[in-house]
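A.B. asks: Before anything else, here's the structure in question.
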Amino acid sequence: MVSNEITAPYAAAAPVDLQRRTAKTLILGALAVGMASALLFQIYPKLDLAVSERLFTDHQFIGRDSGAFNAARFLFNVLFYSSCAVGLLGCVITLTTGRKWLNLSSNKWLFLAVCVLVGPLTVANLGFKDHWGRARPQTVVEFGGDKSFTPPLVKSTACPRNCSFFSGEASSIYVLGFAAAFLFPTAAGAWLVSGIVLGSLCGFVRMTEGGHFLSDVIFAGVFMAVTVALIQMLFSAISRKSEPV
């Protein structure tokens with residue numbers, strides 16, 4: 003449960019201020035976390051390996067054959083794809099009828115759709131994962147593979163496509179929470195915290211399977227926060243309002 007100290011400032015503000023505050027929080031928070039993380043992994047370039055080593059026992063990652071971790075990954079995927087299905091249905095219904103559905107206007111459903119398409123699909127998967135070239139933990143030499151380990155912010159050729167940096171599945175959960183903060187502005191604080199917690203848990207599950215390093219999960223949150231905030235600002239500029247309605 004999110005504390006009153008976190009949610010109270012959002013609940014007390016006017017809707018116009020809520021959108022601006024949420025966008026500012028996402029961008030400034032992402033910049034702070036991104037710069038701090040970049041510095042941390044620059045100072046300790048083997049930190050990713052050290053963390054992944056804790057999840058690697060008996061010559062395999064602890065989540066590879068774990069029913070609990072596999073179930074958790076399945077549930078996160080269900081959450082994302084069911085949200086996509088509801089979002090698509092919301093776009094169709096509101097655009098064809100001109101009326102709200104589930105108390106959300108067509109612009110809000112479009113906002114959610116754009117966040118999903120631009121964030122996890124375009125920025126994460128088609129952008130970084132297919133072009134950054136970072137090998138996944140399970141494929142690097144340190145964990146029994148044949149690929150070379152590279153730090154998170156170093157472009158590599160070790161992996162041709164669908165690579166490690168940054169986590170697509172964590173991105174999909176981060177983006178839902180961050181987008182919801184704009185769709186339901188009076189509960190923005192709760193949605194931001196929920197997005198961070200669930201996105202991080204999703205990323206941790208992938209770490210236990212050897213699919214991602216810690217930095218892949220952290221930077222997934224950083225990039226999704228900036229992406230969602232910029233999309234909201236674009237919607238605001240187009241509609242000349244402070245929220246995507």
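Numbering (the numbering used here), first residue to last: 3 to 247.
No residue lacks a Cβ here, since even glycine has one placed at the ideal position from N, Cα and C.
#1: My understanding is that GLY121 touches MET226, with C-beta atoms under 8 Å, so please give their C-beta distance in whole angstroms.
#2: Quick check on this structure: which residue in LEU119, LYS149 and GLY92 has the alpha carbon closest to the alpha carbon of SER108?
#3: Just to confirm, is the Cβ distance from CYS117 to VAL195 under 8 Å?
#4: Write down the C-beta distance between LEU90 and ALA115 rounded to the nearest angstrom, noting that I regard them as a contact closer than 8 Å.
#5: Using the rule of at least 16 other Cβ atoms within 10 Å of the residue's Cβ for burial, across every protein chain shown, is ILE45 buried or exposed?
#6: Please name the residue in PHE43, SER238, PHE113 and PHE145 whose C-alpha comes closest to that of ASP218.
#7: Measure the alpha-carbon distance for TRP103 versus CYS86 and round it to whole angstroms.
#8: Report the residue from SER241, VAL224, THR24 and ALA231 whose alpha carbon sits nearest the alpha carbon of ALA38.
#9: Start and end of the alpha helix (DSSP H) containing GLN140?
#10: Using three-state DSSP, classify THR24 as helix, strand or coil.
#11: For the alpha helix (DSSP H) holding ASN105, just list the boundary residues, first then last.
#12: Using only CA atoms, which one of LEU203, CYS204 and PHE180 lies nearest to LYS26?
#13: For GLY31, collect the residues of the same chain with a Cβ closer than 7 Å to its Cβ; drop the 5 residues on either side in sequence, then sort them by chain order.
#14: Mapping the DSSP letters down to three states, classify LYS48 as helix, strand or coil.
#15: Going by DSSP, what residues sit across from GLN62 in a beta bridge?
#16: Measure the Cβ-Cβ separation of PHE168 and GLN21 and say whether it is below 8 Å.
#17: Residues in its own chain within less than 6 Å of GLU82 by CB, not counting five upstream and five downstream?
C.D. replies: Here's the rundown:
#1: 5 Å
#2: GLY92
#3: Taking 8 Å as the Cβ cut-off, CYS117 and VAL195 do not qualify as a contacting pair.
#4: 7 Å
#5: exposed
#6: PHE43
#7: Approximately 15 Å between the Cα atoms of the pair.
#8: VAL224
#9: First-last for GLN140: undefined, no H or E at that position.
#10: helix
#11: Counting along the chain, ASN105 falls outside any alpha helix (DSSP H), and DSSP gives it neither H nor E.
#12: PHE180
#13: Sequence-distant partners of GLY31 (beyond 5 residues in either direction) whose C-beta falls short of 7 Å from its own C-beta, in its chain, are ALA227.
#14: The answer is coil: DSSP assigns LYS48 none of H, G, I, E or B.
#15: THR59
#16: no
#17: First, the amino acid is wrong: residue 82 is Phe here, not Glu. Result list for PHE82: SER174, in chain order.
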